[in-house]
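The opening residue of the sequence shown carries number 1 in the working numbering; numbering runs sequentially from there. Yeah, the Cβ is synthetic: ideal placement off N, Cα and C, and Gly gets one too. Shown next, in structure tokens, is the structure this report addresses.
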Amino acid sequence: MAGPSTHTVTNQPPPLAGYDVFTADRALVEAVDRHTGPDVLEEVRTELSALGRAAGSAQLEEWAVQADENPPRLRSHDRYGHRIDEVEFHPAWHRLLGKGVSAGLTGAWTRPAGHVRRAAGFLVWAQVEAGTCCPLSMTHAAVPALRADPELAAEWEPRLTSTVYDRELRPAGQKPGALFGMGMTEKQGGSDVRAGTTQARPLAEAGTYLLTGHKWFCSAPMSDAFLVLAQAPEGLTCFLVPRVLPDGGRNVFLLQRLKDKLGNRSNASAEVEFDGTWARRVGEEGHGVRTIIGMVSATRLDCALGSAGLMRQAVARAVHHCTYREAFGGKLVDKPLMRNVLADLALESEAATALALRLAAAYDDGGEQERAFLRLAVPAAKYWITKRCAPVTVEAAECLGGNGYVEESGMPRLVRESPLNSVWEGAGNVQALDVLRALRREPGALDACLTEIGRAHGADHRLDRAVKDLFTELADLDGVEARARRLVERLALVLQGSLLVRHAPPEVADAFCASRLGGDHGASFGTLPSGLDLQAVVDRARPV
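Structure below.
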């Protein structure tokens with residue numbers, strides 16, 4: 001095709017496509033290696049590399065753009081006026097979701113190193129099309145809640161962990177694979193789920209109820225079933241609400257409208273009402289929060305993983321662009337100030353990956369010490385990693401200049417997506433208060449975190465000093481609620497610092513400790529101090 005007669009198109013970076021998203025991410029590969037046993041490591045690497053090649057293909061990028069540009073539509077009624085309450089998606093959405101399901105992103109609970117391999121895959125997948133991560137996450141996270149009822153678990157768990165994507169609404173017994181959603185938030189309560197007013201009336205058949213009420217945010221409304229909270233006679237209780245009843249009829253699941261969201265455009269988030277909606281109890285009456293908390297913890301980890309994936313993709317695109325783009329007589333990546341910006345962004349990305357994969361490894365371990373570690377580390381990581389995502393993606397987009405502000409670059413989609421995980425499953429204050437709750441009620445959680453942090457004791461004086469400062473914060477809990485964010489930030493940073501000092505290349509750990517723990521850093525990215533090997537940090541982050 002002939003070029004324009006007015007000028008010659010030059011100095012344009014090649015598309016970042018046709019590469020393996022997994023193997024190109026050195027920090028992620030190394031995290032998988034250290035948290036996976038040698039007996040399954042080759043299998044896990046092969047599996048993740050296959051997913052990485054798919055994620056880095058031009059075909060999936062095209063599908064992601066199509067899904068984002070063609071958001072779902074609510075079909076409340078059919079042509080004859082019958083209520084059907086269905087959500088219509090673009091075909092690209094179904095192709096992407098099918099890929100995610102077939103890659104095992106809902107099935108961590110039954111495989112060796114299942115949580116680490118699934119976490120790495122989820123981090124890779126979040127770089128492709130983050131909207132599909134919602135139903136993948138909900139389905140994965142429903143398993144621990146369902147296990148509160150062995151009969152329900154036996155019926156649903158094999159379908160939730162299946163690698164078959166079945167989009168048709170049918171009774172559970174007819175489906176080889178199924179998806180789950182969740183609904184806890186109501187208009188008047190928000191994150192205060194105990195303020196919910198949805199009522200559950202027991203039926204004659206044990207364990208069955210009729211629900212009346214609403215949910216203001218219902219995740220993945222096209223799913224086969226949902227875990228919801230409602231007020232039963234003995235208090236707030238967890239229920240399973242199927243879209244299709246055992247006899248094949250449709251349950252009462254009244255979709256009012258779909259949310260018009262800042263980002264996450266390909267995914268549907270709905271307002272739903274229950275009016276005599278059939279449900280099955282999960283767990284005991286009055287123990288709804290206790291039953292569903294396992295699902296919440298797993299989805300909070302996915303928030304951290306999703307944000308880590310978004311940051312990694314933003315940094316990869318920025319480094320790729322600057323590697324090829326020339327300005328003022330040289331490559332952008334070779335300019336000292338741009339190198340500082342890119343290295344600073346890369347540090348944030350690698351630290352997020354290291355901490356998120358460490359949490360996944362704790363799930364695989366499953367021991368008492370690791371469960372205690374997760375109780376404190378999950379909300380801390382969810383708080384900090386998701387908070388860092390928006391500034392990282394915005395700065396990375398700026399590295400592309402005006403091109404980064406244009407939809408075709410892919411950066412605006414990342415920027416629009418970046419605030420979501422900070423809000424989903426409890427915003428920042430909710431996470432900070434949850435950390436305080438764990439500190440007060442579960443002292444073993446703090447001991448487990450301090451044991452993890454202490455494994456790097458003496459390896460870096462800046463980390464040691466930051467740990468000492470954390471101890472000072474923890475020693476004075478009077479009026480701690482007002483400074484809870486600062487405490488949680490320090491906890492997350494020393495966890496990240498401990499991991500990087502032990503496992504990352506020295507130049508990465510040195511730069512992280514100098515800037516994040518040593519206090520030698522400005523309020524914006526690109527303010528790393530002198531004397532650091534920034535070139536090595538940038539080279540490590542380069543995707544191809």
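Here Ala-268 really is in contact with Met-222; their C-beta atoms are around 6 Å apart, less than 8 Å. Counting along the chain, the unbroken alpha helix (DSSP H) around Thr-451 starts and ends at 443-454.
Ranked by how close their Cα comes to the Cα of Pro-505, the residues Val-538, Arg-375, Leu-495 have Val-538 in first place. In the structure shown, the three-state DSSP call for Asp-510 is helix. Arg-413 and Leu-262 have their C-alpha atoms roughly 10 Å apart. Per DSSP, the continuous alpha helix (DSSP H) segment holding Cys-303 begins and ends at 288-324. Per DSSP, Trp-216 is one residue of the beta strand (DSSP E) stretching across 208-219.
Within a 10 Å sphere around the beta-carbon of Gly-404 sit 16 or more other beta-carbons, which makes this residue buried. In this structure, the beta-carbon distance from Arg-339 to Leu-534 falls below 7 Å. Every unbroken stretch of the alpha helix (DSSP H) spanning 4 or more residues and falling wholly within the region 141-212 is given here in chain order: 150-160. Under the 8 Å Cβ criterion, the region 330-339 does not count as touching the region 365-383, having fewer than three qualifying pairs. Here Lys-99 is buried. Its C-beta has 16 or more other C-beta atoms within 10 Å. By the criterion of a C-beta distance shorter than 6 Å, Ser-297 is surrounded in its chain by Val-378, once the five residues flanking it on both sides are discounted.
If you draw a 10 Å sphere on the C-beta of Tyr-80, you find fewer than 16 other C-beta atoms in it, and that means exposed. By alpha-carbon distance to Ala-195, the top candidate from Lys-215, Arg-95, Asp-344, Glu-398 is Lys-215.
Sixteen is the threshold: since fewer than 16 other Cβ atoms of the shown chains lie within 10 Å of the Cβ of Asn-11, the residue is exposed. The C-beta distance from Gln-174 to Ala-200 rounds to 27 Å, too long to meet the 8 Å contact threshold. Inclusion of Ala-360 and Gln-496 in the CB contact set at 7 Å is not warranted, their separation being larger than that value. Buried is the label assigned to Ser-418, since at least 16 other Cβ atoms lie within 10 Å of its Cβ. Secondary structure of Lys-331 (DSSP, three-state): strand. The residue among Phe-471, Leu-345, Ser-524, Phe-226 with its C-alpha nearest the C-alpha of Leu-245 is Phe-226. When rounded, the separation of the alpha-carbon atoms in Val-488 and Trp-384 is 8 Å. Residue Asp-192 holds the alpha-carbon nearest to the alpha-carbon of Val-289 among Leu-332, Asp-192, Tyr-324.
Three or more Cβ pairs closer than 8 Å define a contact, and the region 146-166 meets that threshold against the region 104-120. The distance from the Cβ of Leu-357 to that of Val-32 is about 7 Å, consistent with a contact at the 8 Å cut-off. For the options Trp-63, Val-272, Gln-66, Phe-217, the alpha carbon positioned closest to that of Glu-425 is the one of Phe-217. Close CB contacts of Tyr-19 within its chain, under the 6 Å cut and outside five residues either way in sequence, are with Gly-56, Val-544 (chain order).
For Leu-258, same chain residues with a beta-carbon under 6 Å away, outside a window of 5 residues either side, are Leu-74, Ala-268, Ala-270 in chain order. Looking at the DSSP output, Arg-250 sits in a beta bridge with Val-244. A contact is defined here as three or more CB-CB pairs under 8 Å, and the region 139-158 fails this definition with respect to the region 322-334. Within its own chain, the residues whose Cβ lies closer than 7 Å to the Cβ of Tyr-165, once the five positions on either side in sequence are excluded, are Leu-97, Gly-98, Val-101, Ser-102, Gly-177, listed in chain order.
Distance from the CA atom of Leu-240 to the CA atom of Arg-265, rounded to whole angstroms, is 27 Å. Per DSSP, Arg-75 is one residue of the beta strand (DSSP E) stretching across 73-77.
Within its own chain, the residues whose Cβ lies closer than 7 Å to the Cβ of Ala-153, once the five positions on either side in sequence are excluded, are Leu-146, Arg-147, listed in chain order. By the 16-neighbour rule on beta-carbons within 10 angstroms, Val-435 is buried.
For the set Glu-62, Thr-527, Cys-238, Gly-531, the Cα lying nearest the Cα of Val-228 is the one of Cys-238.
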